[in-house]
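A.B. asks: Shown below is the structure under consideration.
There are 2 protein chains.
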Amino acid sequence: MTAPLAERLIRKLENYSRLSGSEKDLLQHIASQEVRSFGARHDIAQEGDQPRSATLVLTGFAARYKILEDGRRQIIAFLIPGDLCELRISVLRRRDHSIAALVPTTVAQISDENVQRMMRHSTRLERALTWNALVDEAISREWTVNLGRRDALERLAHVFCELHCRLRAVGLTTGEACEVPLTQAELADAVGVSDVHLNRTLMELRGRGLIALQGKSLTIRHMDGLRDLALFNPEYLHLGQDGREFDAPDP
Amino acid sequence: MTAPLAERLIRKLENYSRLSGSEKDLLQHIASQEVRSFGARHDIAQEGDQPRSATLVLTGFAARYKILEDGRRQIIAFLIPGDLCELRISVLRRRDHSIAALVPTTVAQISDENVQRMMRHSTRLERALTWNALVDEAISREWTVNLGRRDALERLAHVFCELHCRLRAVGLTTGEACEVPLTQAELADAVGVSDVHLNRTLMELRGRGLIALQGKSLTIRHMDGLRDLALFNPEYLHLGQDGREFDAPDP
DNA sequence: CGCCGATTTGAGAGCAGTCAAACTGAGTGG
DNA sequence: CCACTCAGTTTGACTGCTCTCAAATCGGCG
C-alpha cells in the first residue's frame, strides 16, 4: 500500500466535488511515482530551466518567486501541501520564474503522460483539476490587487487570512492556528515591503490583538477583525463546492 | 467569406508556431459566431456573474479589474485585440473579478463546445492555445513583481514596455509607436499609484526623453533606456517561437 | 462660448525605505 | 558549562517616495 501522499491534494479537490475511490487511487498512485526532497532554501525549479513536468507539493512549504537584475526579490505565490501546479508547462521552452523550498519540502513530479492520465480518467477529475488551476490563477490576481491597492498592514493581514483559509482547505489548521514556517524576510518579499517595515507591521498586528506569531505558529486571535482590516473576501478561493453537482455517489 | 475577425489572435498564436489553413479557418469561423460590442467604460463581465464562455477580444481595449469594498480599484491585466481568455472558466460558479471595456470594444464569446472543438482540432492548435494561456499567467506573475518590487517610475516604464511588445506581437505597432487609449486614472489603477502621482511619473518619463504620449498615441523614444529603467526582460512573454518545431508545413 | 472630463501643478502630511545598532535564541566548540 | 557565532528579530533615527486635498489649466464638444 502506498503512503497517502496525495492526501492533501485529495482534501483540496474535494472542496470542489467529492471524488470516487478510483479517482483517489489514481491520484495516490501518480503522487508516488517520482517523489523528490529539497532542503530549506533550495530551488525546486529555476528560471531559465527547460520545464519538465507538473509539480505536486506533498509536505513542506515553497514559494514561487522572481528576482530582478539588481537583486530585488518578489514572492509571487506560496505553495503548500496539496498544491498541484504547472500541469501544462512543458509547452514552454524556458521557465520564467523559480520555485524555492522555504523549509524541507517533498514534491511529486508528474510526467506529461500522467497528467494526461489524470485529465482523461473521468470528467469529474478533469473538472476538479481544472478548478484547481483556476483557483491558482485567482490567487495570483488577488495578490496583484493586494500589492497594488492595500497598504502594508492590510497586505500582511490579507496574506495571513489567505494562508489560513488555504491551509484549512487541506486540513492543516487547528482551530484558528496553523504552522507558517516563514521568516520575516520571506514575508516581506511576499508583501512587497522591506524587512524592517515588515517587522513593524507585524508588531502592529500583534499590538492590535489580531494575531499571535510565535516561532512558526500563527494563531489568528480575532478573525473578524483581521478580515475587516484586510478587506478579505474569500470568494476568490472558490471553496464553496462549486462542483457539488458532480459529486461522486456515496460508495 | 467571414471578416478576418480572428486576425489578431492568429498573429499572436503564430508567435508560438505557424498554423495550417484549416486551423486558421476554424479560428475565423469560431470568432464570428457570437460577436458582441461594448461601449467605453461598460462592463463586459462582472464579478459575481455566472461565467458562461471564453472571450476573445477582437477590437478595442479592455481591462480585468477588482474593486475593494471601500472603492479602491486595481487593474489586473490589460486585454488587447487577439487576447483569448477564460477558456475553462465555466467550471466556476461565480466570477471573482470583472472585465471592462476601456474604449468601444468588440469581443467574440466562445461556447464551451467551440472551445472543445478548437482544443481537439489538432495537437498544434491545442498547444498554441495552451501556450497562449500560459503566457497570460506569466503576465499576471510579472504584474505581481511589478507592483511589489518596482517603484512608480519603473512600474510605469514596465507597463509601457509590455504593452508595446504585446501590441507588436499582434501587429498593432508602427515602429516604436502604438495606440494606448488609456486615461491617466486607468494607468494609475494598473500601476497601483494615485492618479496625481501617475501624472508626475508620466511627466518624468517624458522629461527624460524616454516616451512621448500625446492623446492616445504612445511613442517610445528611447527603447533601451526605457527597458533599462524598467528592468524589463521580455522573456516572460515567451515570444521566441517556443513551438517552432510544430510549425505547420508550408502550404 | 461654456461645460466637463482629463491633465497638470502646488503644498503639506504620512507611510515606507535605508542605514545602523542592539537584542534574541539556537547551535557549536572549547 | 560557558563563550561564541550566526541568522533572525527588534528598535531608533532620518530620508524620501507617494498620498491627499486643492486649485489651475487644457481640450474636445454641444
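Chains as they are written, first to last, in the numbering used here: chain A, 1 to 251; chain B, 1001 to 1251. We treat Cβ as the ideally placed atom computed from N, Cα and C, and that holds for glycine.
Where does the unbroken alpha helix (DSSP H) through A:T219 begin, and where does it stop?
C.D. replies: Residue numbering aside, residue 219 of chain A sits at position 219 when the first sequence is read from its first letter. Element bounds for A:T219: not the alpha helix (DSSP H) but the beta strand (DSSP E), 217 to 220.
A.B. asks: Please list the partners that A:H97 has in chain B, where partner means a Cβ-to-Cβ separation under 7 Å.
C.D. replies: By 1-based counting over the first sequence, the position of residue 97 of chain A is 97. By Cβ distance, chain B contributes R1141.
A.B. asks: Go ahead and pull the three-state DSSP assignment for B:V1103.
C.D. replies: Sequence index remark: in the second sequence, residue 1103 of chain B carries index 103 (1-based). Of the three classes helix, strand and coil, the one that applies to B:V1103 here is coil, per DSSP.
A.B. asks: Taking Cβ-Cβ distances shorter than 7 Å, what residues in chain A pair up with B:Q1074?
C.D. replies: Here residue 1074 of chain B refers to the residue found at position 74 of the second sequence. Ordered by position in chain A, the residues that pass the 7 Å Cβ test against B:Q1074 are T144, V145, G148, R149.
A.B. asks: Under DSSP, the alpha helix (DSSP H) around A:S22 begins and ends at which residues?
C.D. replies: Mapped onto the first sequence, residue 22 of chain A falls at position 22. It spans 21 to 31 - the alpha helix (DSSP H) in which A:S22 sits, taken as one unbroken run.
A.B. asks: Give me, in chain order, the residues of the same chain whose beta-carbon lies closer than 7 Å to that of B:H1158; leave out the 5 immediate sequence neighbours on both sides.
C.D. replies: Mapped onto the second sequence, residue 1158 of chain B falls at position 158. These residues qualify, in order along the chain: N1146, R1150, A1230, F1232.
A.B. asks: Closer than 7 Å, Cβ to Cβ, to anything on chain A: give me those residues from the region 1201 to 1235 of chain B, in chain order.
C.D. replies: L1231, E1235
A.B. asks: Do the region 119 to 137 of chain A and the region 15 to 32 of chain A meet, that is, are 3 or more Cβ pairs less than 8 Å apart?
C.D. replies: yes
A.B. asks: Between A:R94 and chain B, is the shortest Cβ-Cβ distance under 8 Å, so that the two count as touching?
C.D. replies: Translated into the one-based positions of the first sequence, residue 94 of chain A becomes position 94. It does; some Cβ of chain B falls within 8 Å.
A.B. asks: How would you label B:V1107, buried or exposed, when you count the other beta carbons within 10 angstroms and need 16 or more for buried?
C.D. replies: In the second sequence, residue 1107 of chain B corresponds to position 107, counting from 1. Result: buried.
A.B. asks: Using a Cβ-Cβ cut-off of 8 Å, state whether A:R18 counts as contacting chain B.
C.D. replies: Residue numbering aside, residue 18 of chain A sits at position 18 when the first sequence is read from its first letter. No, no contact with chain B.
A.B. asks: Which of the three DSSP states, helix, strand or coil, is assigned to B:S1122?
C.D. replies: The residue you call residue 1122 of chain B lines up with position 122 of the second sequence. B:S1122: coil per DSSP, three-state reduction.
A.B. asks: Could you give the distance in angstroms between the alpha-carbon of B:R1166 and the alpha-carbon of B:S1194?
C.D. replies: If you number the second sequence from 1, residue 1166 of chain B lands on position 166. If you number the second sequence from 1, residue 1194 of chain B lands on position 194. Between B:R1166 and B:S1194, the C-alpha separation is close to 25 Å.
A.B. asks: Exposed or buried, A:Y236, counting other C-beta atoms within 10 Å across all chains shown (16 or more means buried)?
C.D. replies: For the purposes of this step, residue 236 of chain A is taken as residue 236 along the first sequence, with counting starting at 1. Counting Cβ neighbours within 10 Å, A:Y236 comes out buried, since at least 16 surround it.
A.B. asks: The alpha helix (DSSP H) that contains A:C160, what's its start and end?
C.D. replies: The residue given as residue 160 of chain A occupies position 160 in the first sequence. Correcting the residue identity first, residue 160 of chain A is Phe in this sequence and not Cys. First-last of the alpha helix (DSSP H) with A:F160: 152 to 169.
A.B. asks: Does the CB of A:T55 have a neighbour CB from chain B at under 8 Å?
C.D. replies: For this step, residue 55 of chain A is matched to residue 55 along the first sequence. No, because no Cβ of chain B sits closer than 8 Å to the Cβ of A:T55.
A.B. asks: Strictly by DSSP, which residues pair up with B:A1188?
C.D. replies: On the second sequence, position 188 is the one that residue 1188 of chain B refers to. The partner list for B:A1188 (beta bridge, DSSP) is empty, contrary to what the question assumes.
A.B. asks: Chain A beta carbons: is any one of them nearer than 8 Å to that of B:A1138?
C.D. replies: For this step, residue 1138 of chain B is matched to residue 138 along the second sequence. For B:A1138, the answer is yes, since a Cβ of chain A falls inside 8 Å of its Cβ.
A.B. asks: Anyone know if the C-beta pair for B:P1051 and B:S1090 falls short of 8 Å?
C.D. replies: As a first step, residue 1051 of chain B is located in the second sequence; it is residue number 51 there, counting from the start. As a first step, residue 1090 of chain B is located in the second sequence; it is residue number 90 there, counting from the start. Contact: yes.
A.B. asks: Does any residue of chain A bring its CB to less than 8 Å from the CB of B:K1066?
C.D. replies: In the second sequence, residue 1066 of chain B corresponds to position 66, counting from 1. Yes, B:K1066 counts as interfacial toward chain A.
A.B. asks: Nearest to A:L163 by CA position, among A:A54, A:E23, A:D250, A:A62, is which residue?
C.D. replies: Mapped onto the first sequence, residue 163 of chain A falls at position 163. A:L163 has its Cα closest to that of A:A62, out of A:A54, A:E23, A:D250, A:A62.
A.B. asks: Thinking just about the alpha-carbon of each residue, which of B:L1102, B:R1041, B:G1215, B:T1055 is nearest to the one in B:V1035?
C.D. replies: Along the second sequence, read from residue 1 onward, the residue named residue 1035 of chain B stands at position 35. Of B:L1102, B:R1041, B:G1215, B:T1055, the residue nearest in Cα terms is B:T1055.
A.B. asks: Please compile the residues from chain A whose C-beta is within a distance smaller than 8 Å of the C-beta of B:I1044.
C.D. replies: The residue labelled residue 1044 of chain B in the question sits at position 44 within the second sequence. When 8 Å is used as the limit between beta carbons, B:I1044 is near no residue of chain A, the shortest such separation being about 16 Å.
A.B. asks: Taking its Cβ as the centre, do 16 or more other Cβ atoms sit within 10 Å of A:V191, making it buried, or is it exposed?
C.D. replies: Within the first sequence, the letter at position 191 stands for residue 191 of chain A. It is buried - the Cβ of A:V191 has at least 16 other Cβ atoms within 10 Å.
A.B. asks: Going along the chain, which residues of its own chain have a beta-carbon closer than 6 Å to the beta-carbon of B:N1199, five neighbours each way excluded?
C.D. replies: As a first step, residue 1199 of chain B must be located in the second sequence, where it is residue number 199. Excluding residues within five positions, the ones whose Cβ falls inside 6 Å are Q1184.
A.B. asks: DSSP three-state label for A:D247, please.
C.D. replies: For the purposes of this step, residue 247 of chain A is identified with residue 247 of the first sequence, where counting begins at 1. Three-state result, A:D247: coil.
A.B. asks: Helix, strand or coil for B:V1180? Go by DSSP, reduced to three states.
C.D. replies: As a first step, residue 1180 of chain B must be located in the second sequence, where it is residue number 180. Coil, per DSSP.
A.B. asks: Which residue marks the beginning of the beta strand (DSSP E) containing B:V1035, and which one marks its end?
C.D. replies: The residue labelled residue 1035 of chain B in the question sits at position 35 within the second sequence. 1035 to 1038 is the span of the beta strand (DSSP E), which, as asked, contains B:V1035.
A.B. asks: Please state whether the Cβ-Cβ distance between B:R1093 and A:D136 is less than 8 Å.
C.D. replies: To locate residue 1093 of chain B, count along the second sequence from 1; it is residue 93. To locate residue 136 of chain A, count along the first sequence from 1; it is residue 136. For B:R1093 and A:D136, no; Cβs fall outside 8 Å.
A.B. asks: So B:L1058 packs on B:A1031, CB below 8 Å; how close in whole Å?
C.D. replies: As a position in the second sequence, residue 1058 of chain B is number 58, starting the count at 1. As a position in the second sequence, residue 1031 of chain B is number 31, starting the count at 1. Right, the Cβ-Cβ distance comes to about 7 Å (below 8 Å), so this counts as a contact.
A.B. asks: Look at A:L84 and A:L9 and say whether their C-beta atoms are less than 8 Å apart.
C.D. replies: Mapped onto the first sequence, residue 84 of chain A falls at position 84. Mapped onto the first sequence, residue 9 of chain A falls at position 9. In contact: A:L84 and A:L9 (Cβ atoms closer than 8 Å).
A.B. asks: Mind checking if B:I1110 is an interface residue toward chain A, Cβ cutoff 8 Å exclusive?
C.D. replies: What you label residue 1110 of chain B is simply residue 110 of the second sequence in a count that begins at 1. No, because no Cβ of chain A sits closer than 8 Å to the Cβ of B:I1110.
A.B. asks: Nearest to B:G1225 by alpha carbon, out of B:C1161, B:H1121, B:H1029?
C.D. replies: In the second sequence, residue 1225 of chain B corresponds to position 225, counting from 1. With distances taken between Cα atoms, B:G1225 lies closest to B:C1161.
A.B. asks: Please classify A:M1 as buried or exposed, where buried requires at least 16 neighbouring CB atoms within 10 angstroms.
C.D. replies: Here residue 1 of chain A refers to the residue found at position 1 of the first sequence. Note on A:M1: pLDDT 44, under 50, position unreliable in the model; the coordinate value appears next. Flag for A:M1 reads exposed.
A.B. asks: Determine the burial state of B:V1196: buried for a count of at least 16 other Cβ atoms within 10 Å of its Cβ, exposed for fewer.
C.D. replies: Here residue 1196 of chain B refers to the residue found at position 196 when the second sequence is read from its first residue. Exposed: under 16 other Cβ atoms inside 10 Å.
A.B. asks: What residues are listed by DSSP as bridge partners for B:F1078?
C.D. replies: Here the question's residue 1078 of chain B lines up with position 78 in the second sequence. B:F1078 is bridged to B:A1063.
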